[in-house]
């Protein structure tokens with residue numbers, strides 16, 4: 030992945046040199062070439078790591094079968110309504126389920142097709158990020174870094190290949206909204222599309238809903254960048270011209286927040302949300318843990334960026350004190366915007382940290398500030414670019430050193446292949462409908478039950494992590510048929526599935542003789558099948 034990043038960055042820098050030499054060039058041709066290049070990058074990556082053929086995964090993918098189960102009974106629209114209503118009991122993600130239910134209906138359980146579609150969404154997300162940066166007068170090579178910073182560096186690249194996270198669609202919707210606003214500033218006919226995209230953006234995930242109040246200000250600053258002379262009077266004139274979008278956006282935000290506060294609740298899920306029992310001191314400690322933990326790569330880059338700004342302040346004080354005030358005026362709104370994004374995301378994820386995919390959309394704010402905003406200010410104030418080039422070089426090196434996406438993607442792909450192969454072995458015994466005990470973790474236990482029952486009709490799957498009862502039995506965590514058994518004794522099962530080195534201890538502690546079972550090992554997983562059953 031590091032080689033791809035460096036190679037692509039070199040190509041974009043070469044293109045920048047050529048572009049400056051030949052002033053007549055077509056931006057539309059550039060976009061076509063870049064789109065093709067990003068498509069090539071993403072699909073080569075997905076293919077070479079094995080993601081496209083990785084099959085079923087315990088995390089997230091079971092939801093596909095849960096949704097598909099409802100189509101025969103409720104139809105497409107009935108299923109859509111059911112899941113939209115159900116989600117309101119704990120979350121606010123109506124756009125996510127509009128997309129998810131539609132995908133389940135169209136793609137079925139063809140996981141290769143699912144991963145191809147996910148790769149296409151990844152291409153569009155990365156390209157639309159590049160498109161926005163270029164429309165903001167950012168050079169091609171910096172626009173490329175901008176698009177990469179959003180997705181790479183802290184593990185958030187998983188959103189490019191995992192099928193469950195909403196962040197990939199979230200980035201795409203945000204960039205499409207910004208693109209629509211760029212054209213809305215030139216043509217008021219784009220207002221309706223901008224409002225529709227804003228509504229959808231607010232419903233993709235709560236973390237993206239927090240970005241809605243910034244959109245009108247982004248539209249304002251974009252207009253101000255076209256002005257030679259800026260004043261409060263001119264700001265007010267621009268706001269009056271764009272008042273329809275301002276009004277609609279804040280109405281959307283207020284309505285969405287009211288639904289969350291008065292209908293959904295702010296602390297229904299354990300790993301995120303606002304908890305009134307979490308005091309100011311606890312939030313500050315949690316934010317410090319995030320900055321020193323999952324966000325540490327960006328914390329280091331932020332510190333380097335602050336040093337860069339200090340260099341520029343010293344330069345202005347020594348060389349051109351008259352430009353100090355314009356510099357501070359230009360940087361004030363971007364700093365406040367960046368601070369708002371980081372603070373909102375830190376508070377939202379304070380309870381459990383902000384690892385992997387939860388780094389987005391904080392990384393969008395990071396990339397916007399240090400790439401698009403600072404590039405514009407340097408050009409506007411006529412600051413020396415050598416400091417900034419050095420900063421971006423160091424930033425790129427840090428990013429490359431932090432890249433583990435290829436390793437993570439290969440592990441994801443291998444895990445899916447092991448999972449699919451292992452559950453396929455279980456399915457060989459579906460006619461016997463064997464009693465099976467699974468111990469993989471809360472979500473993975475459910476995932477195994479859903480997959481085996483909905484795909485192969487094996488209903489007697491019992492889950493250790495859904496069995497916190499006083500009867501000392503193992504309970505079924507996915508009951509859709511009243512004729513199903515609710516629980517069994519641990520030592521009565523014909524199959525046992527779990528993590529290698531852990532399930533064996535559970536079996537021995539509950540009186541199961543391992544000598545009566547055949548062992549099938551799949552990476553970190555292991556499947557034990559009764560020797561009698563293996564002859565069925």
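Numbering (my numbering), first residue to last: 30 to 565. Where a beta carbon is used, it is the ideal one built from N, C-alpha and C, also for glycine.
Extent of the continuous alpha helix (DSSP H) run through residue i
{"i": "residue 473", "result": "471 to 485"}
{"i": "residue 81", "result": "Element bounds for residue 81: n/a, residue is neither H nor E."}
{"i": "residue 132", "result": "123 to 136"}
{"i": "residue 55", "result": "Here residue 55 belongs to no alpha helix (DSSP H), and DSSP marks it neither H nor E."}
{"i": "residue 113", "result": "100 to 116"}
{"i": "residue 152", "result": "140 to 164"}
{"i": "residue 277", "result": "272 to 288"}
{"i": "residue 492", "result": "Run containing residue 492: none in the alpha helix (DSSP H); it sits in the beta strand (DSSP E), 490 to 492."}
{"i": "residue 174", "result": "169 to 180"}
{"i": "residue 437", "result": "434 to 456"}
{"i": "residue 199", "result": "196 to 213"}
{"i": "residue 329", "result": "325 to 348"}
{"i": "residue 293", "result": "From DSSP, residue 293 is part of no alpha helix (DSSP H); its letter is neither H nor E."}
{"i": "residue 252", "result": "243 to 253"}
{"i": "residue 96", "result": "91 to 97"}
{"i": "residue 225", "result": "220 to 231"}
{"i": "residue 240", "result": "First-last for residue 240: undefined, no H or E at that position."}
{"i": "residue 314", "result": "309 to 321"}
Terminal residues of the beta strand (DSSP E) in which residue i lies
{"i": "residue 526", "result": "524 to 528"}
{"i": "residue 550", "result": "546 to 551"}
{"i": "residue 468", "result": "465 to 468"}
{"i": "residue 615", "result": "The structure shown does not extend to residue 615, since the chain is modelled only from 30 through 565, so no value can be given for it."}
{"i": "residue 556", "result": "554 to 559"}
Check whether residue i and residue j have beta carbons under 8 Å apart
{"i": "residue 85", "j": "residue 445", "result": "yes"}
{"i": "residue 420", "j": "residue 334", "result": "yes"}
{"i": "residue 220", "j": "residue 273", "result": "yes"}
{"i": "residue 94", "j": "residue 480", "result": "yes"}
{"i": "residue 144", "j": "residue 106", "result": "no"}
{"i": "residue 240", "j": "residue 203", "result": "yes"}
{"i": "residue 206", "j": "residue 226", "result": "yes"}
{"i": "residue 476", "j": "residue 90", "result": "yes"}
{"i": "residue 464", "j": "residue 489", "result": "yes"}
{"i": "residue 548", "j": "residue 555", "result": "yes"}
{"i": "residue 448", "j": "residue 140", "result": "no"}
{"i": "residue 79", "j": "residue 459", "result": "no"}
{"i": "residue 124", "j": "residue 229", "result": "yes"}
{"i": "residue 341", "j": "residue 166", "result": "no"}
{"i": "residue 307", "j": "residue 380", "result": "yes"}
{"i": "residue 560", "j": "residue 539", "result": "no"}
{"i": "residue 242", "j": "residue 282", "result": "yes"}
Spatially closest choice to residue i from the options, by CA coordinates
{"i": "residue 402", "options": "113, 139, 101 and 168", "result": "168"}
{"i": "residue 68", "options": "155, 549 and 143", "result": "155"}
{"i": "residue 370", "options": "525, 112 and 237", "result": "237"}
{"i": "residue 37", "options": "55, 58 and 64", "result": "64"}
{"i": "residue 516", "options": "492, 173, 182 and 535", "result": "492"}
{"i": "residue 494", "options": "317, 484 and 467", "result": "467"}
{"i": "residue 432", "options": "241, 180 and 171", "result": "180"}
{"i": "residue 20", "options": "475, 473, 344 and 535", "result": "This structure does not reach residue 20, given that the chain is present from 30 up to 565, and the question cannot be answered."}
{"i": "residue 280", "options": "307, 245, 252 and 254", "result": "245"}
{"i": "residue 217", "options": "483, 270, 113 and 252", "result": "270"}
{"i": "residue 131", "options": "377, 101, 109 and 501", "result": "109"}
{"i": "residue 174", "options": "461, 450, 138 and 422", "result": "422"}
{"i": "residue 415", "options": "484, 293, 348 and 337", "result": "337"}
{"i": "residue 61", "options": "533, 235 and 157", "result": "157"}
{"i": "residue 182", "options": "501, 329, 521 and 377", "result": "329"}
Cutoff 8 Å: residue i Cβ touching any chain C Cβ
{"i": "residue 525", "result": "Among the chains of the structure shown, chain C does not appear; only one protein chain is present."}
Any chance the stretch 154 to 166 sits against the stretch 342 to 360, with 3 or more Cβ pairs inside 8 Å?
No: fewer than three Cβ pairs fall under 8 Å.
Take every Cβ of the stretch 390 to 397, pair it with every Cβ of the stretch 433 to 444, and state whether three or more of those distances are shorter than 8 Å.
The stretch 390 to 397 makes no contact with the stretch 433 to 444; the number of CB pairs closer than 8 Å stays below 3.
I'd like to know if the stretch 66 to 75 and the stretch 147 to 154 are in contact, where contact means that at least 3 CB-CB pairs between them fall below 8 Å.
As far as the Cβ criterion goes, the stretch 66 to 75 touches the stretch 147 to 154, which means the pair count is three or higher.
Would you check if the stretch 383 to 392 and the stretch 190 to 209 touch, i.e. whether three or more CB-CB distances between them fall below 8 Å?
The stretch 190 to 209, when compared against the stretch 383 to 392, does touch it at the 8 Å Cβ threshold.
Return the chain-ordered ranges of every alpha helix (DSSP H) run that is complete within the stretch 369 to 419 and spans a minimum of 4 residues.
For the stretch 369 to 419, whole alpha helix (DSSP H) runs of length 4 or above, ordered along the chain, are 391 to 396 and 403 to 410.
Is it true that the stretch 518 to 527 meets the stretch 420 to 434, where meeting means three or more beta-carbon pairs spaced less than 8 Å apart?
Not touching, per the Cβ criterion.
Stretch pair the stretch 361 to 381 + the stretch 214 to 230: three plus CB contacts closer than 8 Å:
Judged by pairs of C-beta atoms under 8 Å, the stretch 361 to 381 does not touch the stretch 214 to 230, as fewer than three such pairs exist.
Is the number of C-beta pairs between the stretch 283 to 293 and the stretch 120 to 128 that are closer than 8 Å three or more?
The stretch 283 to 293 and the stretch 120 to 128 touch, with no fewer than 3 CB-CB distances between them shorter than 8 Å.
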